[in-house]
Structures are given as C-alpha cells and as structure tokens.
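Engineer: I am attaching a structure below and will ask some questions about it afterwards.
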Amino acid sequence: MKTIKQLYDSSTAFQRLKPIYDGLQKIKFEKPRAKYKAEHEAELNQFYAVRRKLTEEFPDGKVDIKKALPVRQRIF
1 MKTIKQLYDS STAFQRLKPI YDGLQKIKFE KPRAKYKAEH EAELNQFYAV
51 RRKLTEEFPD GKVDIKKALP VRQRIF
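Numbering (the numbering used here), first residue to last: 1 to 76.
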C-alpha cells in the first residue's frame, strides 16, 4: 500500500517536473544551458530521482498508475 502511494506521488512529481526537464533539453548552447541548470537545480535533481524510481518499477517506460489505483482504493 505504501509502495503504491509512493509510485503515485512519484508519477505526479514526474508530470509536474517534466516541463522543466524538457526546457533544459531544448537549450543547445553551453552557457545558457548551464545558467538554466543552475536556476532549476533543485527541480532537476528531484526529477532525476523520480525518473530513476519509476524506471526501476516500470523498466519498459510505460507508467500505468491507473492499474495500481483501483487496488489502493479496494484496500481502503
């Protein structure tokens, strides 16, 4: 049950932080990229940690929290 909640929270954080990561990927030049990284360092570190956790649970890259949610709701 705790694992399901953590996966759900990780998925939510991933969706919230993905635009920041995408913004970094769009910057091709080194100096503006370093500046963006410095400005968003905390968010990017959190994104990388969440991505690692989700990749461990869903190695194929398809995060399907909807399958986990009915199980969580049945427990309560």
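Glycine included, C-beta positions come from ideal geometry on N, C-alpha and C. Computed from a predicted structure; not experimentally measured.
Can you tell me which of the three DSSP states residue 32 falls into?
Structural biologist: Helix.
Engineer: Check each candidate in 28, 23 and 31 and name the one with the smallest Cα separation from residue 40.
Structural biologist: Residue 23 is the option with its Cα nearest to residue 40.
Engineer: Is residue 23 helix, strand or coil when you go by DSSP?
Structural biologist: DSSP places residue 23 in helix when its eight states are reduced to three.
Engineer: Roughly how many whole angstroms lie between the Cα atoms of residue 59 and residue 7?
Structural biologist: Each residue's Cα considered, the two are about 14 Å apart.
Engineer: Mapping DSSP to helix, strand and coil, what is residue 37?
Structural biologist: In the structure shown, residue 37 sits in a helix (DSSP, three-state: H, G or I).
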